[in-house]
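One structure is given here, and the rest of the page talks about it.
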Amino acid sequence: MSGNNKKYWKGIEELSNDPTFVKNSLSEFPEFLSVKDARAEAEDESSNGRRDFLKLLGFSVTAASLAACDAPIKKIIPYVNKPEDVDPGIANWYASTYQNGGEYASILVKTREGRPIKIEGNPLSSITKGGTSARVQASVLSLYDTARLEYFKEKGQRISKESADSKIISELTAIQNAGGKIRIVSSSIYSPSTKSAILDFIAKYPNTQHIQYDAHSVSGLLKANQSVFDKHIVPSYDFSKANVIVSFGADFLGTWISPIEFSKQYATAKKLGKSKKTMVRHYQIETNLSLTGSNADTRLPIKPSQEGIFVAELYNKLAGTKISTPSLKNATLDKIANDLLANKGHSLVVSGSNDVNVQILINQINTLLNNYGHTLDINTPCNLYQGDDTSMFNFVQDAKSGNIGAVVFYNCNPIYDYPLSADLEAGLKKTNLTISLSDREDETASLCKFVCPDVHFLESWNDAEPKKGHFSLAQPTITPLFKDTRPAQESILAWAGVKKDFYSYIQNYWKQNILSGDFQSSWDKALHDGVYVSAATTTNNISEATSVTVTEDTTISNLDLNSVAENISKIYKADSTGIEINLYEKVGIGTGNQANNPWLQEFPDPISKATWDNYVTVSQKYAKEKSLEQGSMVSVTINGKSLDKSVPVVVQPGQTNETFSLAMGYGRTKAGKCGDGIGVNVFPAVTYRNGTLHYFSANVSIAATGEKGIIAQTQTHETIMARPIIQDSILSEYIKNPGAGRFHPMIMTPDGKKKPSEISVWSGEHIKPNHLWGMVIDLNSCTGCGACVVSCQAENNIPVVGKKEVSNRREMHWIRIDRYYSSNAEIPEKGVDKYFKKDEGSSYDDLEQASENPQVTFQPMMCQHCNHAPCETVCPVAATPHSSEGLNQMAYNRCIGTRYCANNCPYKVRRFNWFKYFDNSKFPDNTSMNNALGKMVLNPDVTVRSRGVMEKCSLCVQRIQEGKLTAKKEGRRPKDGEIRTACASACPSDAIVFGDMNDTESAIFTQLHLENKERAYHVLEEINVQPNISYLTKIRNV
Amino acid sequence: MQVTSPVRPPLVTGGKTISDVTADICKQVEGKPSKMWIISFTLSVICLGYGSYCLWMTWWEGLGLWGLNKTIGWAWDITNFVWWVGIGHAGTLISAVLLLFRQKWRTSINRAAEAMTIFAVLCAASFILAHMGRPWMAYWALPLPNSFGSLWVNFNSPLVWDVFAISTYLTVSLVFWYVGLIPDFATIRERATGIRRVIYGALSFGWVGSAKHWSRYEAISLVLAGLSTPLVLSVHTIVSMDFATSVIPGWHTTIFPPYFVAGAIFSGFAMVLTLMLITRVVFKLQDYVTIEHIESMNKIIVLTGSIVGIAYITEFFIAWYSGAPYESYAFVNRMSGPYWWAYWSMMTCNVISPQLFWIRAVRRNIKITFVLSIVVNIGMWFERFVIIATSLHRDYLPSSWAMFYPTKYDVGDYLFSFGLFFTLFLLFAKYFPVINMAEVKSIIKSSSGKQEHKH
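Chains as they are written, first to last, in numbering that gives the first Met the number 0: chain A, 0 to 1037; chain B, 0 to 454.
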């Protein structure tokens, strides 16, 4: 075939060797189809220009006008050198620790493109066990607070770190050499490395003393343990092991000692199901209705001046022997005593009192009940509160008399939150060297000579030992935003002459004192987990206590109970006739150190549902007698001192008659733009007596000013109106019938009675073959704390609307906690007959009236994701459709804002953007959307909604999507528990279970079909909207 | 065409001839505006101006300027919308239904009533736009082809039905009204000179009054009347479905369609009376709009008012009889809850006051009629407010119960609609023939010569 030179040609051009073809065949990409060239051949040059001009003109005019219609496009700038661990669009999680005064939580921090945007609980923690609180959730916003100082200051002028250090060191040295007293004043410090740094400082300046105090002190408890057990500690409590809990004013679910930890334990004790039919019984004896009191099975309102007598009387009943205190008859107390005696070793009695004598008696009661070693543990003390009122008092008196040479304030703000702040202020003027390590120029820092701003906890290394042997690490999740700030510990170390950054200092400390074995691997693990438990290790500077075994005789013998009784009789009365006030802490604002956090200011108080203010709570009876109304302004005088401005009245069911309560943490003057001037500061009304601070007074009066103030409440109607929205029963009924209290509506039809679900206008059901997302909310374990509310706000970029808009009933929270009080007009029967019925002779008006001391029920309420959603059918533009996974979705871009969906929502969970809340100077409180720094907290996975559109709970669809994608990439189904909504993950009491109801292995399936089938109900079952959210009945143990 | 019965009183009094009719009615159009007109017009324009400012602010800042909240998503906006749509109904009823029933007394009032319909529907439409969170996207409620893929409106939504109902209503009413105006424009054209002649000439679409024109005119009138008649029933039926198809207690009621239609006619006639009683005095048309007209309309008011009253009572009965607890509460709450005053205002104005019209002397008393016509419209406004706001303010979950307090922008936007309505109506009254000359001419006794005035 060699002679075969036949040539195949592809086209006539090739055959004829057309010159154009030859030219083009050489180039790889044929470009001869260019429009311009083709046209150039066909038309002459001059006509080209005209046509092109017209085309371009037409195009550019259209393009320009289109561009004018659209929102401006902002380009994402890619990394030039991509950091190793940062992938755009992928979140990084770091284990860390939240500590703020006595508050503690082990947390996981979610960062996106290097910005911390969300905090979740760390489930590995032995203490908080994945739970969080509203304050923990909100703390991420404090990182982006514009009120934070950006650099060191000396007398209000900027100064470099180096010159500040040299000046401070020389002054300290001079004071030390002159024999002047040096003090470090702080809130409780339970970071072992920080304590060690302070010890280094003391070593350099031996005249230094470290003074710890807590704004809301538990010094009385510490001192009581000192005198009973010779240990100045707070014991560990375990509420989960108790069958009976008695609390004298200790708000352990909201504000007392370690509420996240206690909520977890309490929820365990409150859980019911097929496999657990026992439940804790909880008595609360208190003045104002606290979060804990509202969860109690039996609540006894008393005056603060009666507390000591009640405790003594309980002691007398339990001990059999009498201590000489005024006697008291109270049927509830008898019942409590009997219950406690029947549950020796399985009960827990606590008191929130800061009176040593009361706490000594509480210790005696717990000893009598054999609770030590069972529900209380003094060998594993809790380190969160160590403040000693006496030493703080002595310091302030020293300062006042000009005996202090230098003082360093760390993580505290005594000019605001110490009762004798006037004395301290006078003292600071006489003190040569005053240094504040505060992150902002707060009330104390603004009086100090040097302000050396600390960094935010999310920017720094730290460690913690909240409980003996339980360690926790904090790692930075972002480089300090302001490079001229410095971690407080590094400042202290610098002045102590230790030239080390705090990171290596911590590592070194852990190497020497905490970790054993191979340091690097155990350090890496501790850092990864965020927590480390070592029961064997004791750190030298927090508690050197040796093990104590508590028995009845060992403790009582070395105590003089008679003097305790004498002291109690002096202060407390069995029956007082006057008006009294007690000062309490609110769940959101606490002692006010995060007052500039708008999420917390707008967080509705779990009880009063009021935002942005503190107020005097009065009983219904008192309000009626004195014709006070909700919002009447009154001026309050406590111990002869008038509060600096008038406060509104809140008529509070459950408030003891003839008592007032007023929350601390308000009335800040130098917290920042959001927090300043809100409410009134009540710390000056706290009294120092017998070595501790007392948070109540019997010397109080109020006078109506005649003005009317605004209480911005998110809920104004108090009662349930006998509607089966809350379905509840009592434990004895539940044991007989797990479905006790369930309401089963039946609809009368021509074919007889039918279940609502059997009547539908829809023909055929849309199938949900893949996933069916849903939620089960256990009303029994929900304490109403509201951690979910703030968590949702952080996750879903929910705007803060401010006091005026909340009072206009326009708050934007996607999840709310409905709080209902019982009414005297309700039928107290246990059966379902009580629903829709009124007590004989009562009217609807009576049903609207809450009882004087009501039972309280909380109900988290968010979009119910109805499968027959009333909102979906009425939207004219189909902006809210249903997904094949059961989600009720919102297409913000499609919404034209008719609000028909919100009107037609039977649960009223839809929220409308009445205004433009972002980039709008009229909403300065919405810091997360109105300044460049605040905007860093926004979740990039969630759209910031524009004005005029509707929004609502999406069941965290972005998390569902992320979870599904992760699973898909790994070629598997999403695992149960892998996807959790923001509310479910924040919940410290595991009341919210989210999951796929189609997954028979899931926790939600177990709850709905196995464990709590009988208890599960849909709210408003009678209208057959078929929600994907179920609730479990509330069971009380009365 | 001789239509009046010798036993009935004449529909036009004063022994008017055909040329008198032309002269009396064209006089208003041709003459200088009267002092009264100038004063009224100035007031209307001021009202419109202030209202426009408020409306502009609402659009600029957001609906938060109104008193609405998370619980009450509609209050004055939709109250006003339903109120204005209701008012419009009288015009259609008079021009269409009464035409089909050959009620000749309608001829003197139908022009003004139809004009009122159109302006009222425009006012209503302004609230549809104003109540939207993003009014610039209002066209999305129309089933337009679009570039969003297969994105369509939601045909299940009563608001979409509203869009169709209102737009159909406006179109048909406008055409009907304009067709009726054509012969009269031609009459004015014939009498006018200069630029006026050109304008009215254009408006009259080259009408020459030929027999063919008249035959077509009558045919189209009949066709349009046939088209409009179902609209009288359908428009307000659909508006009522905005509420009736929902799940909210107090809204979810099957009685709404007939009840709303009756209410609409009720309020519409009251509004026609209010307007005509003023117009006949201002424009000296007492011979055309006579006491007989007023009495006839009062009869319709007492009828529809009674229907509305029975509807109110039926609602209560059903709320109790159904045994639906949420619904029972909603109605008890209407009567005795925080908005009891709105409910009792409604009952007094709508149910009790029109009953006075059973008395002949009251029916024929112009002053009392004028006061009652306004009272009825106040009552009908309260009816819509009671249905919308008091049903929403306390629905299922007591935790969300709230109150609605109007702001100055709620009031201002309502004033806007009044300003718009009266500005348009006054312009109409001045520049258009307020009475249908052509049709009125058909009902006077003779084609020429003065008639003796007899009673």
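Note that beta-carbon positions come from the ideal geometry of N, C-alpha and C, so glycine has one too.
> Of all the options T926/A, S945/A, Y508/A and G947/A, which has the alpha carbon lying nearest to the alpha carbon of L937/A?
Replying inline: By 1-based counting over the first sequence, the position of residue 937/A is 938. For L937/A, the closest C-alpha among the options T926/A, S945/A, Y508/A and G947/A is that of T926/A.
>> Suppose you measure from the CA of K510/A to the CA of Y384/A; what does that come to, to the nearest Å?
In response: Mapped onto the first sequence, residue 510/A falls at position 511. Mapped onto the first sequence, residue 384/A falls at position 385. Between the alpha carbons of K510/A and Y384/A lies a gap of roughly 26 Å.
>> Applying the 10 Å Cβ sphere with the 16-neighbour rule, what's the burial state of R815/A?
In response: As a working mapping, residue 815/A is identified with position 816 in the first sequence. A residue is called buried when at least 16 other Cβ atoms come within 10 angstroms of its Cβ; R815/A meets this threshold and is buried.
> Per DSSP, what kind of secondary structure is D296/A in: helix, strand or coil?
Replying inline: Working through the first sequence from its first residue, we reach residue 296/A at position 297. Of the three classes helix, strand and coil, the one that applies to D296/A here is coil, per DSSP.
>> Can you check which of these residues, P652/A, Q651/A and Y665/A, is closest to S645/A by C-alpha distance?
In response: Taking the first sequence and counting its residues from 1, one reaches residue 645/A at position 646. Relative to the Cα of S645/A, the nearest Cα in the group P652/A, Q651/A and Y665/A belongs to Y665/A.
> In chain order, what residues of the stretch 908-927 of chain A put their CB closer than 9 Å to some CB of chain B?
Replying inline: Look at the stretch 908-927 of chain A: the residues with a C-beta under 9 Å from a C-beta of chain B are V908, R909, R910, F911, N912, W913, F914, K915 and K921.
> Once you ignore the five residues that flank I959/A on each side, which residues in its own chain have a CB closer than 6 Å to its CB?
Replying inline: As a working note, residue 959/A is residue 960 in the first sequence. Once the five neighbours on either side are set aside, the close Cβ partners of I959/A are I978.
> What number of angstroms, rounded off, separates the C-alpha of A473/A from the C-alpha of G529/A?
Replying inline: Here the question's residue 473/A lines up with position 474 in the first sequence. Here the question's residue 529/A lines up with position 530 in the first sequence. Straight across, the Cα-Cα distance linking A473/A with G529/A is about 7 Å.
>> Please list, in chain order, the chain B residues whose beta carbon lies closer than 8 Å to that of M889/A.
In response: For the purposes of this step, residue 889/A is taken as residue 890 along the first sequence, with counting starting at 1. Residues of chain B passing the Cβ test: none, with the nearest at roughly 13 Å.
> Going along the stretch 230-253 of chain B in order, which residues come within less than 7 Å of chain A, judged by CB to CB distance?
Replying inline: Listed by position, the residues of the stretch 230-253 of chain B near chain A (Cβ gap below 7 Å) are S245, V246 and I247.
>> Output needed for E601/A: all residues of its chain with C-beta closer than 6 Å, excluding positions within five of it in sequence on either side, in chain order.
In response: Translated into the one-based positions of the first sequence, residue 601/A becomes position 602. Cβ within range, chain order: T610 and V799.
>> Suppose the cutoff is 7 Å on Cβ atoms and the five residues either side in sequence are ignored; what does the same chain contact list for P905/A look like?
In response: Taking the first residue of the first sequence as position 1, residue 905/A is located at position 906. Closer than 7 Å at Cβ, skipping near neighbours: P869, L1019, I1022 and V1024.
> Could you give the distance in angstroms between the alpha-carbon of Y258/B and the alpha-carbon of D394/B?
Replying inline: As a first step, residue 258/B is located in the second sequence; it is residue number 259 there, counting from the start. As a first step, residue 394/B is located in the second sequence; it is residue number 395 there, counting from the start. Approximately 22 Å, taken between the alpha carbons.
> What separation, rounded to the nearest whole angstrom, lies between the Cα atoms of S490/A and D199/A?
Replying inline: In the first sequence, the residue the question calls residue 490/A occupies position 491. In the first sequence, the residue the question calls residue 199/A occupies position 200. Taking the straight line from one Cα to the other gives about 12 Å.
> So who's on the other strand from A739/A, going by DSSP bridges?
Replying inline: Residue mapping note: residue 739/A aligns to position 740 of the first sequence, counting from 1. For A739/A, no pairing in a beta bridge is given by DSSP.
>> To the nearest angstrom, how far is the alpha carbon of A318/B from that of A261/B?
In response: What you label residue 318/B is simply residue 319 of the second sequence in a count that begins at 1. What you label residue 261/B is simply residue 262 of the second sequence in a count that begins at 1. If I take the Cα positions, the gap works out to 21 Å.
> Do you know how far the Cα of V876/A is from the Cα of P142/B?
Replying inline: Here residue 142/B is taken as the residue at index 143 of the second sequence, counted from 1. Here residue 876/A is taken as the residue at index 877 of the first sequence, counted from 1. One C-alpha to the other measures close to 9 Å.
>> Here's the rule I'm using: 16 or more other beta-carbon atoms within 10 Å means buried, otherwise exposed. How should G773/A be labelled?
In response: Residue numbering aside, residue 773/A sits at position 774 when the first sequence is read from its first letter. G773/A comes out buried.
>> On the DSSP bridge list, what partners appear for D462/A?
In response: If you number the first sequence from 1, residue 462/A lands on position 463. Secondary-structure assignment with DSSP links D462/A through a beta bridge to L472/A.
>> Please confirm whether R133/B has its beta-carbon closer than 8 Å to some beta-carbon of chain A.
In response: Residue mapping note: residue 133/B aligns to position 134 of the second sequence, counting from 1. Yes - at least one Cβ of chain A is within 8 Å of the one on R133/B.
> Is it true that the CB of F369/B sits closer than 8 Å to the CB of T273/B?
Replying inline: For the purposes of this step, residue 273/B is taken as the residue at position 274 of the second sequence. For the purposes of this step, residue 369/B is taken as the residue at position 370 of the second sequence. Contact: yes.
> If you compare alpha carbons, which of S146/B, R110/B, M131/B and D241/B is closest to S172/B?
Replying inline: In the second sequence, counting from the first residue as 1, residue 172/B sits at position 173. Here the closest residue by C-alpha is R110/B.
>> Quick check: A341/B and F384/B, are their CB atoms within less than 8 Å of each other?
In response: Taking the second sequence and counting its residues from 1, the one referred to as residue 341/B is at position 342. Taking the second sequence and counting its residues from 1, the one referred to as residue 384/B is at position 385. In this structure, A341/B places its C-beta atom within 8 Å of the C-beta atom of F384/B.
>> Can you tell me whether A1015/A is helix, strand or coil according to DSSP?
In response: What you label residue 1015/A is simply residue 1016 of the first sequence in a count that begins at 1. A1015/A carries a strand assignment under DSSP once its states are collapsed to helix, strand and coil.
> Of the choices T422/B, P432/B and D409/B, whose alpha-carbon is the least far from that of W55/B?
Replying inline: As a position in the second sequence, residue 55/B is number 56, starting the count at 1. Comparing Cα-Cα distances from W55/B to each of T422/B, P432/B and D409/B, the minimum goes to D409/B.
>> Contact criterion: CB-CB distance below 8 Å. Does V799/A meet it with respect to chain B?
In response: Within the first sequence, numbered from 1, the residue matching residue 799/A stands at position 800. For V799/A, the closest Cβ of chain B is not nearer than 8 Å.
> Is the number of C-beta pairs between the stretch 753-772 of chain A and the stretch 985-1002 of chain A that are closer than 8 Å three or more?
Replying inline: The answer is yes - the stretch 985-1002 of chain A touches the stretch 753-772 of chain A, with three or more Cβ pairs under 8 Å.
> Where D397/A and G178/A are concerned, what is the direct C-alpha to C-alpha distance, given to the nearest angstrom?
Replying inline: Locating residue 397/A in the first sequence gives position 398, counting from the first residue. Locating residue 178/A in the first sequence gives position 179, counting from the first residue. CA-CA distance, D397/A to G178/A, rounds to 15 Å.
> Taking the Cβ atom as the reference point for each residue, do N919/A and N930/A lie within a distance shorter than 8 Å?
Replying inline: To locate residue 919/A, count along the first sequence from 1; it is residue 920. To locate residue 930/A, count along the first sequence from 1; it is residue 931. Taking a C-beta distance under 8 Å as the contact criterion, N919/A and N930/A do not qualify as a contact pair.
> In chain order, which beta strand (DSSP E) runs of at least 3 residues are fully inside the stretch 629-709 of chain A?
Replying inline: For secondary structure counted as the beta strand (DSSP E) over 3 or more consecutive residues, the stretch 629-709 of chain A holds these complete runs in sequence order: 631-637, 646-650, 658-662, 686-688, 691-693 and 699-707.
> Between E451/B and G14/B, what straight-line distance do the alpha-carbon atoms span, to the nearest angstrom?
Replying inline: On the second sequence, position 452 is the one that residue 451/B refers to. On the second sequence, position 15 is the one that residue 14/B refers to. Since pLDDT at E451/B reaches only 48, below the 50 mark, its modelled position is unreliable, and no value is offered.
> For T965/A, does the three-state DSSP call read helix, strand or coil?
Replying inline: As a working mapping, residue 965/A is identified with position 966 in the first sequence. It is helical.
> Along chain B, which residues have their Cβ under 8 Å away from the Cβ of I719/A?
Replying inline: Counting from one through the first sequence, the residue named residue 719/A turns up at place 720. Within 8 Å Cβ-Cβ: P397.
> Can you give the Cα-Cα distance for K921/A and P134/B, rounded to whole angstroms?
Replying inline: In the first sequence, the residue the question calls residue 921/A occupies position 922. In the second sequence, the residue the question calls residue 134/B occupies position 135. About 22 Å.
> When burial is assigned at 16 or more other CB atoms within 10 Å of the CB, is Y7/A buried or exposed?
Replying inline: One-based indexing of the first sequence puts residue 7/A at position 8. Classified as exposed, Y7/A has fewer than 16 neighbouring CB atoms from the shown chains inside 10 Å of its CB.
> So with Cβ pairs under 8 Å, would you call N145/B a contact of chain A?
Replying inline: Looking up residue 145/B in the second sequence gives position 146. Put simply, the CB of N145/B is far from chain A, with every gap to its CB atoms at 8 Å or more.
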